[in-house]
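**Q** All residue numbers in the sequence shown are consecutive under our numbering, ending with 1760.
For every residue, glycine included, the Cβ atom is placed at its ideal position computed from N, Cα and C.
Remember, it's a predicted structure, so these values are computed and weren't measured experimentally.
What follows is a single structure, and I will ask about it in a moment.
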Amino acid sequence: MKSLQLTKFGGDLEWREYDTPKPSGKEVLLKVAACGVCHSDLHIWEGFYELGGDERIYVKDRGVDLPLTMGHEVVGVVEAVGPDASGVSVGDKRLVYPWIGCGECKYCRSDRPQMCLKPGSLGVFKDGGYSDFLMVPNAQYLLNIDGLEAEQACSYACAGLTAYSALKKTMPLEEDETLVLIGAGGLGLMAVQVVRELTKAQVIMLDVDDSKLETVRTLTPSVKTVNSKSVDPHKAVMEATGGVGASAIIDFVNNAQTAALAFSMLGKNGIMVMVGLFGGKLAISTPVPALKNLTIRGSYTGSLVELRELVDIIKNKKLRPIPVKTYPLGDAARLLDEVKQGKVTGRAVLTPHA
């Protein structure tokens, strides 16, 4: 088994070769067919999250140990199953839910393993998909994606799930209300792909890249787009809402500038969902949330149940897929650099066996 591993935060990814593991108990061994390159991988690679100013959170302090095989957006083909595994057979193609918890805490028991206090997330705390094989601890984390291409389906495990869970946190929205999405990167495009399955509200996407906004219009023509570099986004949203502001805003960038903008555009009873991890600080006037009855909250990935819901929507509705480009596993470091520079439209996907 060959894996591309992170051995030093901020350092080069290194090829490591190991014996291909044999599953025991309820484990399932997958031959990796596709693994998405996610912005979260970039933070792990660099070793920190920016908090604004000179402050950082270091991933090693959150329990990330090296060496580590990154990659948490994985589709694989079942190669072998443990003696106690059930529900899958050799040759099955499956999407992996990577946000695995301890299975015993209150979060895991209430279907929120992504919030587990002792997480075992694949590609974060345990080895992931930048490899030709991946061990999954239980078949319950494997989803049937028959009818979907591996390179399209893999990113639903993080980008798609994160966008879908964030959207659900803003619902319900009435037809005369407005939802603003900030950032037409991978997360934003995933949200655009599925948003019309959740609401008929007016949807406005803000971004600074015309090519990404064009992709938004291609995916879902009813979504309005605003280039916030050439147009005053606050003015545009206020005009579109008749001066009352947005009912909900999801910030898929979530730096100091976008968070301040989002807060300023919220109407009464509005909800602001902070998703992106770009870093920064938000200063607000404390009476405003009370006077306007605002909700400000975060959203981190999503549950296994939500991923099943999302996959069902994608399979049944046959929605337009977001742009995807595939690359050999050895291109991972270059792609991470392109993600950092915002050069990727849609998703970049590694295909170890292509």
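So, using beta-carbon positions, are GLY1594 and ALA1569 closer together than 9 angstroms?
**A** As a working mapping, residue 1594 is identified with position 188 in the sequence shown. As a working mapping, residue 1569 is identified with position 163 in the sequence shown. Closer than 9 angstroms, so yes.
**Q** Does DSSP classify TYR1455 as helix, strand or coil?
**A** For this step, residue 1455 is matched to residue 49 along the sequence shown. TYR1455: strand per DSSP, three-state reduction.
**Q** Cα separation between LEU1540 and ARG1422?
**A** For the purposes of this step, residue 1540 is taken as residue 134 along the sequence shown, with counting starting at 1. For the purposes of this step, residue 1422 is taken as residue 16 along the sequence shown, with counting starting at 1. The straight-line gap from Cα to Cα measures roughly 14 angstroms.
**Q** Check each candidate in TYR1424, SER1653, ALA1696 and name the one with the smallest Cα separation from PRO1473.
**A** Indexing the sequence shown from 1 puts residue 1473 at position 67. Comparing Cα positions, the closest option is TYR1424.
**Q** Could you tell me the distance, in whole angstroms, from the CA atom of LEU1501 to the CA atom of PRO1429?
**A** For the purposes of this step, residue 1501 is taken as residue 95 along the sequence shown, with counting starting at 1. For the purposes of this step, residue 1429 is taken as residue 23 along the sequence shown, with counting starting at 1. If I take the Cα positions, the gap works out to 18 angstroms.
**Q** Does ASN1544 come out as helix, strand or coil in the three-state DSSP assignment?
**A** Your numbering for residue 1544 matches position 138 in the sequence shown. Residue state, collapsed to three classes: coil.
**Q** Under 9 angstroms, do GLY1686 and GLY1453 count as touching if we go by C-beta distance?
**A** Numbered from 1 along the sequence shown, position 280 holds the residue referred to as residue 1686. Numbered from 1 along the sequence shown, position 47 holds the residue referred to as residue 1453. Against a cut-off of 9 angstroms, the Cβ pair of GLY1453 and GLY1686 comes out as no contact.
**Q** Assign MET1680 to one of three DSSP states: helix, strand, or coil.
**A** The sequence position of residue 1680 within the sequence shown is 274, counting from 1. MET1680 falls in the strand class under three-state DSSP.
**Q** Between VAL1401 and VAL1650, what straight-line distance do the alpha-carbon atoms span, to the nearest angstrom?
**A** It is not possible to answer for residue 1401, since the shown part of the chain is limited to 1407 through 1760.
**Q** Can you tell me which of ALA1652, ASP1615, ALA1572 puts its alpha carbon nearest to the alpha carbon of VAL1609?
**A** Numbered from its first residue, the sequence shown carries residue 1609 at position 203. Among ALA1652, ASP1615, ALA1572, the Cα nearest to that of VAL1609 belongs to ALA1652.
**Q** Taking ALA1486 as part of the beta strand (DSSP E), name the residues at either end of that continuous run.
**A** Walking along the sequence shown from the start, residue 1486 turns up at place 80. Per DSSP, ALA1486 belongs to the beta strand (DSSP E) from 1479-1487.
**Q** Evaluate contact between the segment 1429-1446 and the segment 1541-1556, counting only Cβ atoms and requiring at least three cross-stretch pairs below 8 angstroms.
**A** Judged by Cβ distances under 8 angstroms, the segment 1429-1446 makes contact with the segment 1541-1556, as three or more pairs qualify.
**Q** Are the segment 1716-1734 and the segment 1589-1607 touching by the rule of at least three beta carbon pairs closer than 8 angstroms?
**A** Result yes; three or more Cβ-Cβ pairs closer than 8 angstroms.
**Q** With a cut-off of 8 angstroms, do at least 3 Cβ pairs link the segment 1698-1708 to the segment 1729-1736?
**A** Segments in contact, no.
**Q** Where does LEU1448 sit, in a helix, a strand or coil, going by DSSP?
**A** Mapped onto the sequence shown, residue 1448 falls at position 42. Helix at LEU1448.
**Q** Assess, as a yes-or-no matter, whether the segment 1458-1471 is touched by the segment 1486-1505 under the definition of 3 or more beta carbon pairs within less than 8 angstroms.
**A** Short answer: they don't touch.
**Q** Is it a yes or a no for the segment 1507-1525 touching the segment 1551-1558, going by three-plus beta-carbon pairs under 8 angstroms?
**A** The segment 1507-1525 is not in contact with the segment 1551-1558.
**Q** State the start and end residues of the unbroken alpha helix (DSSP H) segment that holds ARG1500.
**A** For the purposes of this step, residue 1500 is taken as the residue at position 94 of the sequence shown. Note, ARG1500: premise wrong, no alpha helix (DSSP H); beta strand (DSSP E) at 1499-1502.
**Q** Please state if the CB of ILE1656 and the CB of LEU1585 are separated by a distance shorter than 9 angstroms.
**A** As a first step, residue 1585 must be located in the sequence shown, where it is residue number 179. As a first step, residue 1656 must be located in the sequence shown, where it is residue number 250. Their beta carbons are under 9 angstroms apart, which means LEU1585 touches ILE1656 by this criterion.
**Q** Specify the secondary structure class of CYS1441 as computed by DSSP and reduced to three states.
**A** To locate residue 1441, count along the sequence shown from 1; it is residue 35. Three-state result, CYS1441: strand.
**Q** Run through DSSP, which three-state label would ALA1654 get?
**A** Along the sequence shown, one-based indexing puts residue 1654 at 248. Strand, per DSSP.
**Q** Within its chain, find whatever has a CB closer than 8 angstroms to the CB of VAL1386; leave out the 5 residues flanking it on each side and keep chain order.
**A** Absent from the structure is residue 1386, since the part of the chain shown begins at 1407 and ends at 1760.
**Q** Report the rounded CA-to-CA distance for ASP1743 versus LEU1697, giving the unit in angstroms.
**A** Taking the first residue of the sequence shown as 1, we reach residue 1743 at position 337. Taking the first residue of the sequence shown as 1, we reach residue 1697 at position 291. So the alpha carbons of these two residues sit roughly 43 angstroms apart.
**Q** DSSP beta-bridge partners for ALA1395?
**A** With the chain running from 1407 to 1760 in the structure shown, residue 1395 is simply not present.
**Q** Is DSSP giving THR1732 helix, strand or coil here?
**A** Here residue 1732 corresponds to residue number 326 of the sequence shown, with the count starting at 1. Note: THR1732 maps to strand in three-state DSSP.
**Q** GLU1485: which of CYS1511, VAL1530, TYR1503, ALA1439 sits nearest, CA to CA?
**A** The residue given as residue 1485 occupies position 79 in the sequence shown. That would be ALA1439, whose Cα lies nearest to the Cα of GLU1485.
**Q** Tell me the DSSP secondary structure of TYR1513 in three-state form.
**A** Position 107 of the sequence shown holds residue 1513. The answer is helix: DSSP assigns TYR1513 an H, G or I state.
**Q** Is GLY1553 helix, strand or coil when you go by DSSP?
**A** Within the sequence shown, residue 1553 is the residue found at index 147, counting from 1. If DSSP states are grouped into helix, strand and coil, GLY1553 belongs with coil.
**Q** Round the Cβ separation of VAL1755 and GLY1442 to the nearest angstrom and send it over; I've been treating them as touching at under 8 angstroms.
**A** Position 349 of the sequence shown, counted from the start, is the residue given in the question as residue 1755. Position 36 of the sequence shown, counted from the start, is the residue given in the question as residue 1442. That belief holds up - the Cβ atoms of VAL1755 and GLY1442 are roughly 5 angstroms apart, short of 8 angstroms.
**Q** Quick one: Cα of MET1407 to Cα of SER1537, how far?
**A** Within the sequence shown, residue 1407 is the residue found at index 1, counting from 1. Within the sequence shown, residue 1537 is the residue found at index 131, counting from 1. Distance between the alpha carbons of MET1407 and SER1537: 7 angstroms.
**Q** Helix, strand or coil for THR1707, going by three-state DSSP, please let me know.
**A** Taking the first residue of the sequence shown as position 1, residue 1707 is located at position 301. The answer is coil: DSSP assigns THR1707 none of H, G, I, E or B.
**Q** What's the C-alpha gap between THR1605 and GLU1580?
**A** Residue numbering aside, residue 1605 sits at position 199 when the sequence shown is read from its first letter. Residue numbering aside, residue 1580 sits at position 174 when the sequence shown is read from its first letter. C-alpha separation (whole angstroms): 7 angstroms.
**Q** Identify whether SER1571 lies in helix, strand or coil by the three-state DSSP scheme.
**A** Taking the first residue of the sequence shown as position 1, residue 1571 is located at position 165. In this structure, SER1571 counts as helix in the three-state DSSP scheme.
**Q** Just checking my contact of HIS1445 with VAL1745 at CB under 8 angstroms: how many whole Å lie between their CB atoms?
**A** One-based indexing of the sequence shown puts residue 1445 at position 39. One-based indexing of the sequence shown puts residue 1745 at position 339. 6 angstroms between Cβ atoms; contact.
**Q** Would you give the residue range spanned by the alpha helix (DSSP H) that LYS1618 belongs to?
**A** Here residue 1618 is taken as the residue at index 212 of the sequence shown, counted from 1. LYS1618 -> alpha helix (DSSP H) spans 1616-1625.
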